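Everything on this sheet refers to the single structure shown next.
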Amino acid sequence: MLQEGTTARVDFVTSCSDNIDTSIQADCNATSGSEFPVGVTTVTCSCEDLSQNTDRCSFTVTVKDVTHPMASCPNDIDTDARLQEGTTARVDFVTSCSDNIDTSIQADCNATSGSDFPFGVTIVNCSCQDISQNTDECSFNVIVKGVPKVTFTTEVPILSTMKPKENQIPVIILPVSIAIASFAVLSILLRFIEDTFRRSGSNKNKDPETPPDSPTSQGPKKINGTALRELY
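In UniProt numbering, the protein residues as written are 1 to 232.
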């Protein structure tokens with residue numbers, strides 16, 4: 001079994017026996033103490049005596065990879081969804097696998113980088129498996145904080161079209177509920193109301209014109225040549 005590295009050292013013993021030549025030795029395609037790779041390797045040995053009589057034998061060396069790959073996940077991802085519309089946010093992330101033998105394996109996750117994640121917490125699970133079926137897993141959280149579209153509702157009065165009496169400001173008679181989608185629109189409406197009240201105040205301070213048919217505009221009235229002033 002392979003604990004570390006990419007090969008395993010294997011020791012073995014082979015021999016030959018002969019009725020005449022007792023000194024012959026086995027000739028094998030691998031020697032004892034050799035490094036064997038992961039998998040199955042067949043070792044073949046042969047014996048040959050002085051008369052060129054031969055014999056062969058073989059055996060297999062199986063090296064198993066028991067080293068688990070290493071799955072790598074990012075830390076928890078916390079993001080704000082600056083969304084005006086929709087209910088998801090696009091999130092990018094990087095995952096990886098490392099292994100002592102298989103360097104081409106990739107993490108298999110229940111979500112891919114660049115996916116759209118909903119508001120709330122989503123757990124992303126990833127796993128790695130090498131050619132010897134050793135596995136490793138990791139996980140992380142994707143936290144999407146929703147910033148929903150904000151709608152302001154306010155009661156905006158409509159000014160009466162009736163002419164205000166002297167020393168009075170315009171009368172507000174009809175409230176209407178209006179949904180304000182942004183602060184900019186609200187500011188415009190408030191400035192409109194402010195300007196209306198300002199114009200009303202400036203008109204109030206002006207001296208009223210004297211009607212052309214008032215008694216004071218015609219001078220004193222005369223009856224039989226006698227001036228008669230009206231008292232008020």
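Every residue gets a Cβ at the ideal spot worked out from N, C-alpha and C, and that includes glycine.
None of the values given here were measured: they were computed from a predicted structure.
Check: Excluding the 5 residues flanking Cys28 on each side, which residues of the same chain have their C-beta closer than 7 Å to its C-beta?; Outcome: Thr14, Val43, Thr44 and Cys45
Check: Helix, strand or coil for Thr196? Go by DSSP, reduced to three states.; Outcome: helix
Check: Leaving out five residues on either side along the sequence, give the residues of the same chain with a beta carbon under 7 Å from the beta carbon of Asn110.; Outcome: Val124 and Asn125
Check: So Pro74 and Cys128 are in contact, right, with Cβ under 8 Å, and what is the actual spacing, rounded?; Outcome: Contact doesn't hold; Cβ gap of about 15 Å is too wide.
Check: By the three-class DSSP mapping on this structure, what secondary structure does Ser187 have?; Outcome: helix
Check: Could you give the distance in angstroms between the alpha-carbon of Ile180 and the alpha-carbon of Thr112?; Outcome: Its pLDDT being 45, under 50, Ile180 is placed unreliably by the model, and the measurement read from it follows with that caveat. If I take the Cα positions, the gap works out to 39 Å.
Check: Is it the case that the Cβ atoms of Ile105 and Val38 are separated by a distance below 7 Å?; Outcome: no
Check: Where does the unbroken beta strand (DSSP E) through Phe117 begin, and where does it stop?; Outcome: Ser115 to Pro118
Check: Do you know offhand how far Gly146's Cα is from Asp195's?; Outcome: 38 Å
Check: Rounded to the nearest angstrom, what separates Ala107 and Arg9 at their Cα positions?; Outcome: 31 Å
Check: Look up Lys145 in the DSSP assignment and say whether it is helix, strand or coil.; Outcome: strand
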